[in-house]
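Numbering (our numbering), first residue to last: 1 to 354.
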């Protein structure tokens, strides 16, 4: 991959129009190319049959279309499909397609790896390799949809990586994926999850995008949260919660809080009381998540009975909470696990060749 070439599928419609004008081409060509890239998911310029060959030649010389390939695919008995995608540089990322009554939801990755260091997450165990481009994030949606032969109507940015740590590329992706000239997935059908990068939350509020912001909270006090999530040392609850309240006030959108239930760590009645106090007055929704087992993590999931007791306790304290339906448990659907398995497999192959 030539880093000097323009990554054309990462350009917004406005950026693409400016580039096409710079080539001396009429404005409508930009619309044609954008639709080829994002409605038809063209992977090569030669497929753009209504574009003049002279322009195709210029695009091939100056630009590249970000692509990926399916390295592995796993299908769960509940219909969940997990993809391990390989990028042209050899790195791997994961996406998961979940089927609901209202349509297909894809959980996409925003980075190769992650530098946030959350103790219960497989994605971060080997650190951050690099951010994904907007085109690489979008290509996960296109490839999964094409491979399944089904429309994807909802997106969750909760895969490998911290989306707000890759802010500019993620914002471009959101603009591209919601365009009527692309796959036209509306912002109300997109959820973005963050571990709590306060400056970026404040910045996102000013965009007023209409998406659903989810905060990976996982603990109701600083001591416990810092032990699980190092990011809390940089942005403790005294900074995070005011930013969340300000986000709600600015956007008019309710925030969802994710709370992974860890046995003997954050699943006590005292934690429920502290959580209710922390969220009081926000009209917040809490998504209780029995954690998936992760190799190398010291944590295990709370049992179903305790999760239900925790949910009921929150309800009595005035906090709306639901338990996330566990999908794809038979295919290691927690993001990062399949990528780790592939890395170990490739390492073993390399050792066998020596």
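Just so you know, even glycine gets a beta-carbon here, dropped at the ideal spot from N, CA and C.
> In three-state DSSP terms, what is residue 113?
Replying inline: strand
> Does the distance from the C-beta atom of residue 322 to that of residue 287 stay below 8 Å?
Replying inline: yes
>> For the stretch 17 to 32 against the stretch 135 to 152, do three or more pairs of beta-carbon atoms, one drawn from each stretch, fall closer than 8 Å, so that the two count as touching?
In response: no
> Where residue 153 and residue 317 are concerned, what is the direct C-alpha to C-alpha distance, given to the nearest angstrom?
Replying inline: 35 Å
>> I need the straight-line Cα distance from residue 218 to residue 274, nearest angstrom please.
In response: 12 Å
> Based on the DSSP secondary-structure assignment, which residues constitute the bridge partners of residue 105?
Replying inline: 98 and 154
> Given that a residue counts as buried once 16 or more other Cβ atoms are within 10 Å of its Cβ, and exposed if not, what is residue 14?
Replying inline: exposed
> Which of helix, strand or coil does DSSP assign to residue 257?
Replying inline: strand
> Exposed or buried, residue 82, counting other C-beta atoms within 10 Å across all chains shown (16 or more means buried)?
Replying inline: buried
> In whole angstroms, what separates the C-alpha of residue 132 from that of residue 115?
Replying inline: 14 Å
> At which residues does the beta strand (DSSP E) containing residue 74 begin and terminate?
Replying inline: 69 to 75
> From residue 137 to residue 126, what distance separates their C-alpha atoms?
Replying inline: 20 Å
>> Does the structure place the stretch 175 to 192 close enough to the stretch 225 to 238 that three or more beta carbon pairs sit under 8 Å?
In response: no
> What are the residues that DSSP puts in a beta bridge with residue 86?
Replying inline: 69 and 92
> Using the rule of at least 16 other Cβ atoms within 10 Å of the residue's Cβ for burial, across every protein chain shown, is residue 61 buried or exposed?
Replying inline: exposed
>> Would the stretch 64 to 72 count as touching the stretch 96 to 108 if we require 3 or more Cβ pairs under 8 Å?
In response: no
>> Could you compute how far the alpha carbon of residue 87 sits from the alpha carbon of residue 313?
In response: 45 Å
>> Just verifying my parser: in three-state terms, what is the DSSP assignment at residue 265?
In response: coil
> Any idea if residue 206 is buried or exposed, counting beta-carbon neighbours within 10 angstroms, 16 or more meaning buried?
Replying inline: exposed
> Going by the C-beta, is residue 228 closer than 7 Å to any heavy atom of the ligand MG?
Replying inline: As far as ligands go, the structure on display features none, and thus does not contain the ligand MG.
> Counting along the chain, where does the alpha helix (DSSP H) carrying residue 285 start and finish?
Replying inline: Residue 285 -> not in any alpha helix (DSSP H); beta strand (DSSP E) instead, spanning 285 to 290.
> Count the other CB atoms within 10 Å of the CB of residue 100; is the residue buried (16 or more) or exposed (fewer)?
Replying inline: exposed
>> To the nearest angstrom, how far is the alpha carbon of residue 324 from that of residue 97?
In response: 15 Å
> Which value, in whole angstroms, describes the spacing of the CA atoms of residue 48 and residue 57?
Replying inline: 12 Å
> When the Cα atoms are used, what is the spatial distance from residue 64 to residue 167?
Replying inline: 22 Å
> From the DSSP output, which residues share a beta bridge with residue 323?
Replying inline: 288
> Where does residue 60 fall in DSSP's three states?
Replying inline: helix
>> Helix, strand or coil, according to DSSP, for residue 371 in the structure here?
In response: The structure shown has nothing for residue 371, since the chain only spans 1 to 354.
>> Please identify the residue among 23, 7, 25 and 151 whose C-alpha is closest to the C-alpha of residue 40.
In response: 151
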